[in-house]
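Colleague: Heads up: the sequence lines are chains A and B, in that order.
Taken in order, the first sequence gives residues 381 to 690; the numbers are from the numbering used here.
Taken in order, the second sequence gives residues 381 to 690; the numbers are from the numbering used here.
A single structure is presented below for examination.
Protein chains: 2
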Amino acid sequence: MFRAMGEFELISRFVRCFDVLESPRGPGDDCAVVPPAKHATCVTTDAIVEGVHFSRLAPSRASRLARGRAAFEDIGHKALAVNLSDLAAMGARAEWFTVALALPRRVRDADVIKLGRGMSKLARVHGARLIGGNVTRARELSITITASGVLEAKPLLRTGARIGDRIFVSGTLGDAAGGLLRGAPRELVRAQCRPTPHLGFVRRARKMISAAIDVSDGLLQDLGHLHVGAELDSAAIPLSRALVKFVGARRALELALRGGEDYVLLFTAPDRHAAALRALGAFEIGQVTRRSGVRVDGKAITGRRGFTHR
Amino acid sequence: MFRAMGEFELISRFVRCFDVLESPRGPGDDCAVVPPAKHATCVTTDAIVEGVHFSRLAPSRASRLARGRAAFEDIGHKALAVNLSDLAAMGARAEWFTVALALPRRVRDADVIKLGRGMSKLARVHGARLIGGNVTRARELSITITASGVLEAKPLLRTGARIGDRIFVSGTLGDAAGGLLRGAPRELVRAQCRPTPHLGFVRRARKMISAAIDVSDGLLQDLGHLHVGAELDSAAIPLSRALVKFVGARRALELALRGGEDYVLLFTAPDRHAAALRALGAFEIGQVTRRSGVRVDGKAITGRRGFTHR
Chain A
381 MFRAMGEFEL
391 ISRFVRCFDV
401 LESPRGPGDD
411 CAVVPPAKHA
421 TCVTTDAIVE
431 GVHFSRLAPS
441 RASRLARGRA
451 AFEDIGHKAL
461 AVNLSDLAAM
471 GARAEWFTVA
481 LALPRRVRDA
491 DVIKLGRGMS
501 KLARVHGARL
511 IGGNVTRARE
521 LSITITASGV
531 LEAKPLLRTG
541 ARIGDRIFVS
551 GTLGDAAGGL
561 LRGAPRELVR
571 AQCRPTPHLG
581 FVRRARKMIS
591 AAIDVSDGLL
601 QDLGHLHVGA
611 ELDSAAIPLS
621 RALVKFVGAR
631 RALELALRGG
641 EDYVLLFTAP
651 DRHAAALRAL
661 GAFEIGQVTR
671 RSGVRVDGKA
681 ITGRRGFTHR
Chain B
381 MFRAMGEFEL
391 ISRFVRCFDV
401 LESPRGPGDD
411 CAVVPPAKHA
421 TCVTTDAIVE
431 GVHFSRLAPS
441 RASRLARGRA
451 AFEDIGHKAL
461 AVNLSDLAAM
471 GARAEWFTVA
481 LALPRRVRDA
491 DVIKLGRGMS
501 KLARVHGARL
511 IGGNVTRARE
521 LSITITASGV
531 LEAKPLLRTG
541 ARIGDRIFVS
551 GTLGDAAGGL
561 LRGAPRELVR
571 AQCRPTPHLG
581 FVRRARKMIS
591 AAIDVSDGLL
601 QDLGHLHVGA
611 ELDSAAIPLS
621 RALVKFVGAR
631 RALELALRGG
641 EDYVLLFTAP
651 DRHAAALRAL
661 GAFEIGQVTR
671 RSGVRVDGKA
681 ITGRRGFTHR
């Protein structure tokens, strides 16, 4: 892997940003070699593409919004974060990842290194090691990451929720969507550019959880992927002060329900764990119901149910 | 995985083209779950991008060249083949893969399914199972695959060649490069569009091989990645009759040396295995030398050493 277009110097500089898997074999041969595994592993692939997932934040507008903060570092961070968030949603511990970069000529080598730094900083926090990748020319910038994690217990599936289970989220909602709005404050732009995968939370809470997914498409839409009926209490949905201050309480709730890309965990658990989960920082927002469909404060939700990437 | 843009119907049709990993968990949750592994595994990532890796063959020109054969099936085949070829170059048996599709709006759903069919046909031959993926909108078509294989013995590294080892290739060279030329005959177009990963060959030959790489950048350039001096015998370099007939012997040799994308294996082995390897269909083309650099018929090779993707 990491065979590409003769750009060996760039690749080698990119790889040096990371803690790489050295043994038995990391980047530099035809494949990486991963040792035998005692546990089952999780594997996920997610891509972010310029003009679809981050046109709004890179490079010109983001720099403006984010007051000169390096947008390429954000892109590198986010490309990995969305994958680590999938691992969190399964209850896995991050282990390794590959990076496929598609680079337009206008992206300078220095930008690629910034991207690598943003990515490696997040990788280091979660102990994820780069094992290889690919670099190719392209007309639009995209980053496709495949990440793997170890499952030290049963995976948290989307299908495990039971009627009567409580519904939780592991952080505030709507901030990432708010960060896309003109004039958004720094905290919300940060939520959009630098989502935090909740791997730490899931490690502590895993044993209590019956079903989990991460909120990438929006609370209502992702709730639909759990294939349960749900009754939500709007007053319990956690909103950041920055979001409420910026758009008002009513619009904030709308963004929390339908905005996407928050990458907090949405999960269910039996009632008996509710207190312990709240103590770990989770917010109880509702309950799994026998009746299908999603209700908020008793009213059925209709119409467009979330955020769809353009 | 395979969460994407609300195009659930397309994804579900795409996934149905394949033998998927069903247990413990394939496409349809946040991650695939792969069972614990007794052996070390190989992992590789490779992308093919329209305008870089297959503009010349898809969709209009290829259809013309290939007399109406479905170019999207070729693209699906090739995207997987280049990854399986990396597994072959490590001596691994293909096991699973993920597919990240970046789709421009002009690519119709029917084309995506053709792409899936081309890919799944090859996957089935080698027992590779789809475990998940990602679909996103993009302005240019690209397919990024991450593939994994089982290593039932030590991996074949690029660094294992010893002075005096013989140098072999597992098939004819130059055909894929010939297939890009105007008016190329069907066999050469096929070599370009539908490279054959040599997984079967490597399974039989693995124990005799000291170092291996697949020929993607061109014989001379890939030989450079083995970090050895080499003396090649031009008369021993295998050329297809179709290539020689099409471009003449001299130009055919040039394409064999510097053309890329043949995806045959280039490997070294001790002299004592030469007869057995030839019996398996390998071609002995030279010898690893103490002196660095590559010589063909005693003459040092200088200048551009292979094929670089534009």
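Don't be surprised by glycine CBs; every beta carbon is placed ideally from N, CA and C.
Suppose only complete runs of 4+ residues qualify. What are the alpha helix (DSSP H) ranges in the segment 459-515 of chain A, listed by chain order?
Modeller: 489-506
Colleague: Tell me residue 409(B)'s beta-bridge partners as DSSP assigns them.
Modeller: 407(B)
Colleague: Closer than 8 Å, Cβ to Cβ, to anything on chain B: give me those residues from the segment 450-462 of chain A, in chain order.
Modeller: none
Colleague: Report the residue from 430(B), 472(B) and 470(B) whose alpha carbon sits nearest the alpha carbon of residue 454(B).
Modeller: Considering only alpha carbons, the answer is 430(B).
Colleague: Could you compute how far the alpha carbon of residue 570(B) sits from the alpha carbon of residue 645(B)?
Modeller: 18 Å
Colleague: For the segment 594-621 of chain B, which segments carrying the alpha helix (DSSP H) assignment without a break, of at least 4 residues, lie completely within its bounds, in sequence order?
Modeller: 599-605
Colleague: Quick check: is the beta carbon of residue 486(B) nearer than 8 Å to any beta carbon in chain D?
Modeller: Looking for chain D here will not work: the only protein chains present are A and B.
Colleague: What does a CB cutoff of less than 7 Å around residue 420(B) pick up in its chain, not counting 5 residues either side in sequence?
Modeller: 531
Colleague: What does residue 342(B) touch in chain A if you count any residue whose Cβ is under 7 Å from its own?
Modeller: As displayed, chain B neither begins before 381 nor continues past 690, which places residue 342(B) out of reach and without an answer.
Colleague: Per DSSP, residue 572(A) is paired with what?
Modeller: According to DSSP, residue 572(A) bridges with nothing at all.
Colleague: Residue 649(B) touches chain A at which residues, Cβ-Cβ below 9 Å?
Modeller: In chain order: nothing, as chain A lies at least about 17 Å away.
Colleague: Give the residues from the segment 515-526 of chain B that approach chain A closer than 8 Å (Cβ to any Cβ), ordered along the chain.
Modeller: 516, 517, 518, 519, 520, 522, 524 and 526
Colleague: For residue 762(B), would you say it is in contact with chain A, using Cβ-to-Cβ distances shorter than 8 Å as the test?
Modeller: The shown model of chain B, from 381 to 690, leaves out residue 762(B), and the question about it has no answer.
Colleague: For a contact defined as C-beta to C-beta under 8 Å, what are the partners of residue 397(B) on chain A?
Modeller: Under the 8 Å cutoff, chain A gives no residues; its nearest Cβ is about 17 Å from residue 397(B).
Colleague: Spatial neighbours of residue 489(B) within its chain, please: C-beta separation below 6 Å, excluding the five flanking residues on both sides.
Modeller: 390
Colleague: What residues are listed by DSSP as bridge partners for residue 668(A)?
Modeller: 610(A)
Colleague: Tell me whether the beta-carbon of residue 648(B) lies closer than 8 Å to the beta-carbon of residue 411(A).
Modeller: no
Colleague: Between residue 419(B) and chain A, is the shortest Cβ-Cβ distance under 8 Å, so that the two count as touching?
Modeller: yes
Colleague: Over the uninterrupted alpha helix (DSSP H) stretch that includes residue 392(A), give me the two end residues.
Modeller: 388-395
Colleague: Nearest to residue 597(B) by CA position, among 589(B), 590(B), 606(B) and 591(B), is which residue?
Modeller: 606(B)
Colleague: In this structure, does DSSP put residue 440(A) in helix, strand or coil?
Modeller: Residue confidence is low: residue 440(A) scores 43 on pLDDT, short of 50, so the model does not pin down where it sits. No coordinate-derived value is stated.
Colleague: Could you tell me the boundaries of the beta strand (DSSP E) in which residue 530(A) lies?
Modeller: 522-530
Colleague: Verify whether the separation of the beta carbon atoms of residue 498(A) and residue 452(A) is less than 8 Å.
Modeller: yes
Colleague: Using the DSSP secondary-structure output, state which residues sit across from residue 432(A) in a beta bridge.
Modeller: Answer by DSSP bridge pairing: none, since residue 432(A) is not bridged.
Colleague: Does DSSP put residue 398(A) in a helix, in a strand, or in coil?
Modeller: coil
Colleague: On a Cα-Cα basis, can you pick out the residue from 609(A), 635(A) and 612(A) that is closest to residue 568(A)?
Modeller: With distances taken between Cα atoms, residue 568(A) lies closest to 635(A).
Colleague: For chain A, find out if any of its Cβ atoms is closer than 8 Å to the Cβ of residue 573(B); answer yes or no.
Modeller: Residue-level contact by beta carbon fails for residue 573(B) and chain A, as no gap is shorter than 8 Å.
Colleague: At the level of alpha carbons, what is the spacing between residue 543(B) and residue 604(B)?
Modeller: 15 Å
Colleague: Let me see if you follow: with CB-CB separation under 8 Å, is residue 608(A) close to chain B or not?
Modeller: No, no contact with chain B.
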